[in-house]
């Protein structure tokens, strides 16, 4: 039988890595009798506040003893079993039908003994299969975490620096056993800016308890790990609806973190249901958080239902209305610049509306320069007025010099001198006669 070229390459690359894989596998198997990772200590590692109480050794032992440890259905020495398993795995990964490949993968996992998991995992990595077969790799990691989590954690801590794998492993465990998972990773360090052990723990906890996951993070210092972990909770918050999202958001005590999280939530909630997202903003207690989120929601709301977005914006508190007006001004100007200009005048003359006015000028300037120029004076700062007079007139002059110059001459008394000088043609001086 002729072996396909890709299959040959896969098997060859695995055989090159097998020696390392077997060595790691034996080391990992020996760790089953070593102290569990929860006994590691690291004074500078992030500590989880309000984390679930660690499971007692007795309860963990009870759970492990009740687990049915699968014995390998491959025969021979450890090396021979590994060889048989990896060749079979290469066959599975070459199955083109994804559904059939999944069926075969599940059957394959049932045939692997616990003592062979570490070697197979490391062989999978060393063969370079992970990037192209993440689903199958995830199945292996999740199975190992379900069967023998402490051995898996020890192996990944010492041999696997890839953050995605660490998050995958801990997340799979924490979704069902958050106490044991928190206990196991307590004190484990990570070389990067983000501690992926913590992020994986929070992502797993969030599947069943997003509020508890947030409480677990409450005592951690603000930083990349905390921010990434909170991002991992957001999908679970969104699927529970805007009302839950509002209550959850209020429990983030640090103001900047709350504002940043609100902006990210606003994007997803508004895409799902802009009207519900607008109500979510109305119920926020922090004005600054409401302002940040309203900018995001207003733009999405205006794109989907401009009239409703205008009405919503007009009824917002004065400390939030200017931010919401920006997204509406952008879309309304694209539809009807003259109406947009009048709508902005209707909202008032507060300097806080300058952001919305600038949105209007940027949208109206290229296609309706005359309408835009008539409202540059509404900007509260002289420097901004000069800048937008200059930008709009220069572009207009480039596209239609006669009209731009005629407008500048007709409005010379209201234009800044520098702008007028740069737009009007230079007067040629007559040469003196000798």
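Residue numbers (our numbering): 14 to 447. From the three backbone atoms N, C-alpha and C, an ideal C-beta is built for every residue, glycine too.
Between the segment 379-386 and the segment 399-406 there are three or more C-beta pairs closer than 8 Å, enough to call the two in contact. With a 10 Å radius around the Cβ and a threshold of 16 neighbouring Cβ atoms, residue 252 comes out exposed. The C-beta distance from residue 308 to residue 259 rounds to 17 Å, too long to fall under 8 Å, and the pair is not in contact. The residue among 113, 428, 122 with its C-alpha nearest the C-alpha of residue 395 is 428. The DSSP assignment places complete alpha helix (DSSP H) segments of no fewer than 4 residues inside the segment 254-323 at 255-262, 268-285, 287-295, 300-317, in order along the chain. Going by C-alpha positions, residue 247 is about 34 Å away from residue 120.
Taking a cut-off of 8 Å for Cβ pairs, the segment 215-225 and the segment 141-159 do not touch, as fewer than three such pairs fall below it. With fewer than 16 other beta carbons inside 10 angstroms of its own, residue 90 counts as exposed. Between the C-alpha atoms of residue 132 and residue 142 there is a straight-line separation of about 14 Å.
A direct Cα-Cα distance of roughly 26 Å separates residue 373 from residue 289. By the beta-carbon neighbour count (other beta carbons within 10 angstroms, threshold 16), residue 331 is exposed. Relative to the Cα of residue 314, the nearest Cα in the group 338, 274, 300, 130 belongs to 338. Counting only residues of its own chain and dropping the five nearest sequence neighbours on each side, residue 294 has a CB closer than 7 Å to the CB of 303, 306, 307, 310. Nearest in C-alpha terms to residue 399, of all of 371, 272, 160, 419, is 371. Taking residue 129 as reference, the option from 285, 148, 267, 160 with the minimal CA-CA separation is 160. Fewer than three Cβ pairs drawn from the segment 318-325 and the segment 269-281 lie within less than 8 Å of each other, which leaves the two stretches out of contact. Per DSSP, reduced to three states, the secondary structure at residue 189 is coil, with no helix or strand assignment. Counting only residues of its own chain and dropping the five nearest sequence neighbours on each side, residue 363 has no CB closer than 6 Å to any other CB. A distance below 8 Å between beta-carbons, with the five flanking residues on each side excluded, links residue 384 to the following residues of its chain, in chain order: 350, 351, 354, 377. Under the DSSP assignment, residue 171 falls in the alpha helix (DSSP H) whose first and last residues are 162-172. Setting aside the 5 residues that flank it on each side, residue 277 is surrounded in the same chain by 244, 247, each with a C-beta closer than 8 Å to its C-beta; the list follows chain order.
About 6 Å separates the beta carbons of residue 188 and residue 221, which is inside the 8 Å limit, making them a contact pair. For residue 176, same chain residues with a beta-carbon under 6 Å away, outside a window of 5 residues either side, are 209 in chain order. Distance from the CA of residue 88 to the CA of residue 286, rounded to the nearest whole angstrom, comes to 57 Å. For the pair residue 325 and residue 181, the Cα-to-Cα distance works out to about 42 Å. Taking a C-beta distance under 8 Å as the contact criterion, residue 343 and residue 312 qualify as a contact pair. Secondary structure of residue 332 (DSSP, three-state): coil.
A distance below 8 Å between beta-carbons, with the five flanking residues on each side excluded, links residue 122 to the following residues of its chain, in chain order: 152, 153, 156.
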